[in-house]
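No gaps in the numbering here: position 180 of the sequence shown is 180 in the numbering used here, and each next residue is one more.
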Amino acid sequence: MKVYGEFYRILARECINEPSIFQKYGDASFIVMDGMSFREGVLVYNTLKSEGYETRLNFGFSAIPSETLEFRDKMGVSMSNFKEINNPENIRLGGDEKFLWSQFPDVMLDKIQVGRTVISSLEKMYETTAKIVEDLVDKLKSDKIIILSDHGYIRSEAGFVFTVGERAKRRLQDVFGSKRYIAMNDVEVKDLIRGGYVEEFGGYYLVKSRYIWPVRGRYSIYIHGGLSLMECFTPVIELMKKNEKSYGKRGYNLS
């Protein structure tokens, strides 16, 4: 249990202390795919590689909590510098853009809820995500492009989560409701911390790992904000664009 607890404290520290990816790759153009987990990241990487691009798969970390607004706060780049992509069927770029932010796949994940018709699927979500990335890569003039994500997600369906005891389940419902984090206040959660369900970090109480509890009403199947590998560990794809004039082929070595 001691090793288990230390792992999540290390994960939280990495989310807080990770140097800005935007500074690390200062000479590149950046594509942020909102909510793209490592699952989709690997698939996108393989698709780009099969297209002939020279690519390298790396990793980064989300924020604490693993939410979009908190990630934007830690970026070190104002959102006013980003061009937002919200329509995959009508992507218009000049080609010289340095910062791009796609609302996909997160907007599709938010629509997949328990208690209502599922209007999306993981397969459709991946197809849309890959299409957006390919279109953006094709339209950008930059030789080096970094594709990354602000956070991942966990699946709340049975078979994808860990069992929670009845007493802890009621406590998690009372304290967190449908969220995976809350700001530290007068709420007493020492029992949940001792039980290994919650981590205290950065002014928040964060639900750890894949612990899920029943929530009344409609709620998203794919959720984030907590402290787990799938929420906090994010893909970073380094890509070199083709340069047909100089190289006569689609990609070239990153090193």
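Each residue gets a CB set at the ideal place from its N, CA and C atoms; glycine is no exception.
Problem - Inter-residue Cα distance where the pair is glutamate 84 and glutamate 166 - result: One-based indexing of the sequence shown puts residue 84 at position 84. One-based indexing of the sequence shown puts residue 166 at position 166. When rounded, the distance between both Cα atoms is 43 Å.
Problem - Cα-Cα separation, glutamate 200 to aspartate 186 - result: Within the sequence shown, the letter at position 200 stands for residue 200. Within the sequence shown, the letter at position 186 stands for residue 186. Straight-line measurement puts the Cα of aspartate 186 at about 13 Å from the Cα of glutamate 200.
Problem - Cβ-based burial, isoleucine 64 [other Cβ within 10 Å; buried from 16] - result: On the sequence shown, position 64 is the one that residue 64 refers to. So isoleucine 64 counts as buried.
Problem - Beta-carbon proximity list for leucine 157, same chain, < 8 Å, skipping 5 on both sides - result: As a first step, residue 157 must be located in the sequence shown, where it is residue number 157. At residue 157 the sequence reads glutamate, which differs from the leucine that was named. Result list for glutamate 157: Ile221, in chain order.
Handout entry: Beta-carbon gap between serine 66 and glycine 225 smaller than 9 Å
Key = As a first step, residue 66 is located in the sequence shown; it is residue number 66 there, counting from the start. As a first step, residue 225 is located in the sequence shown; it is residue number 225 there, counting from the start. In contact: serine 66 and glycine 225 (Cβ atoms closer than 9 Å).
Handout entry: First through last residue of the beta strand (DSSP E) which encompasses valine 198
Key = Within the sequence shown, residue 198 is the residue found at index 198, counting from 1. First-last of the beta strand (DSSP E) with valine 198: 198 to 201.
Exercise for the section: Pair every Cβ in the segment 143 to 152 with every Cβ in the segment 167 to 176, then say whether three or more of these pairs are closer than 8 Å. Expected result: no
Handout entry: Pairwise C-alpha distance: glutamate 89 and threonine 128
Key = For this step, residue 128 is matched to residue 128 along the sequence shown. For this step, residue 89 is matched to residue 89 along the sequence shown. In this structure, the straight-line span from the alpha carbon of threonine 128 to that of glutamate 89 is close to 9 Å.
Handout entry: C-alpha gap between arginine 210 and leucine 11, whole angstroms
Key = Within the sequence shown, the letter at position 210 stands for residue 210. Within the sequence shown, the letter at position 11 stands for residue 11. Approximately 14 Å between the Cα atoms of the pair.
Practice task
Identify whether leucine 140 lies in helix, strand or coil by the three-state DSSP scheme.
Solution key: Position 140 of the sequence shown, counted from the start, is the residue given in the question as residue 140. Coil, per DSSP.
Problem - phenylalanine 233 - containing beta strand (DSSP E), residue span - result: Walking along the sequence shown from the start, residue 233 turns up at place 233. Residues 233 to 240.
Practice task
Check whether the Cβ atoms of lysine 131 and tyrosine 8 lie closer than 9 Å to each other.
Solution key: Counting from 1 along the sequence shown, the entry for residue 131 is found at position 131. Counting from 1 along the sequence shown, the entry for residue 8 is found at position 8. No. Outside cutoff.
Handout entry: Identity of the residue in Leu57, Ser50, Trp101 and Ser142 nearest isoleucine 237 by Cα
Key = Locating residue 237 in the sequence shown gives position 237, where the first residue counts as 1. Checking every option, the nearest Cα to that of isoleucine 237 belongs to Leu57.
Problem - Secondary structure of glutamate 18, DSSP reduced to three states - result: As a working note, residue 18 is residue 18 in the sequence shown. Note: glutamate 18 maps to coil in three-state DSSP.
Practice task
Find out if the Cβ-Cβ distance for the pair glycine 35, tyrosine 153 is shorter than 9 Å.
Solution key: Sequence index remark: in the sequence shown, residue 35 carries index 35 (1-based). Sequence index remark: in the sequence shown, residue 153 carries index 153 (1-based). Judged by their CB atoms, glycine 35 and tyrosine 153 are nearer to each other than the 9 Å cut-off.
Handout entry: Candidates Asp150, Gly202 and Asp191, of which the one nearest proline 38 by Cα
Key = For this step, residue 38 is matched to residue 38 along the sequence shown. For the sequence presented, residue 38 should be read as phenylalanine rather than proline. Considering only alpha carbons, the answer is Asp150.
Practice task
Leaving out five residues on either side along the sequence, give the residues of the same chain with a beta carbon under 7 Å from the beta carbon of alanine 183.
Solution key: Taking the first residue of the sequence shown as 1, we reach residue 183 at position 183. Non-local C-beta neighbours of alanine 183 in its own chain, meaning closer than 7 Å and more than five positions away in sequence, comprise Gly203 and Tyr204, ordered along the chain.
Problem - CB of phenylalanine 59 within 9 Å of CB of proline 235, strictly - result: The residue labelled residue 59 in the question sits at position 59 within the sequence shown. The residue labelled residue 235 in the question sits at position 235 within the sequence shown. Yes, the pair counts as a contact, with Cβ atoms nearer than the cut-off.
Exercise for the section: With DSSP as the reference, label isoleucine 10 as helix, strand or coil. Expected result: Here residue 10 is taken as the residue at index 10 of the sequence shown, counted from 1. The answer is helix: DSSP assigns isoleucine 10 an H, G or I state.
Handout entry: Backbone secondary structure at methionine 125 - three-state DSSP
Key = Taking the sequence shown and counting its residues from 1, one reaches residue 125 at position 125. Correct three-state label for methionine 125: helix.
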